[in-house]
Amino acid sequence: PGPITIVGHTDNVKPRKSSAFKSNFDLSVARAKAVEAMMAPRFSDPSRITVDGKGEDEPIADNATPEGRARNRRVDVMIPKEETL
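Numbered according to my numbering, the sequence shown spans residues 752 to 836.
Given below as structure tokens:
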């Protein structure tokens with residue numbers, strides 16, 4: 752079994768000053784950790800899971816529209832091809 756990488760992403764809207772997150776990077780890591788917390792109990796070796804955050808650095812859509820920003824607020828789970836759940 753290979754590594755499983757969970758990567759959080761955000762749109763380019765900065766967190767409000769009242770937010771628990773100081774930056775989009777912090778928010779993206781928190782998103783990835785939330786998914787890790789849900790997935791880890793389902794694996795015999797949860798140490799295979801790593802988390803990363805990219806903040807707003809890797810958009811998949813245009814941040815100029817609400818729809819694009821919504822698409823950029825995501826978590827990617829990367830599982831090696833030979834792996835099955």
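Each residue gets a CB set at the ideal place from its N, CA and C atoms; glycine is no exception. Bear in mind that the values here come from a model prediction, so they are computed numbers and not experimental data.
Three CB pairs or more closer than 8 angstroms across the stretch 774 to 783 and the stretch 791 to 811: These segments touch.
Less than 9 angstroms separating the beta-carbons of A783 and V826? Walking along the sequence shown from the start, residue 783 turns up at place 32. Walking along the sequence shown from the start, residue 826 turns up at place 75. Yes.
Rounding to the nearest angstrom, what Cα-Cα distance links S798 and E809 in this structure? One-based indexing of the sequence shown puts residue 798 at position 47. One-based indexing of the sequence shown puts residue 809 at position 58. C-alpha separation (whole angstroms): 26 angstroms.
Could you give the C-beta distance for I830 and I755, rounded to a whole number, given that I count them as a contact under 8 angstroms? Stepping through the sequence shown from its first residue, residue 830 is reached at position 79. Stepping through the sequence shown from its first residue, residue 755 is reached at position 4. That belief holds up - the Cβ atoms of I830 and I755 are roughly 5 angstroms apart, short of 8 angstroms.
Segments of 3+ residues assigned as beta strand (DSSP E) that fall wholly inside the stretch 779 to 822: Within the stretch 779 to 822, the complete beta strand (DSSP E) runs of at least 3 residues are 800 to 804.
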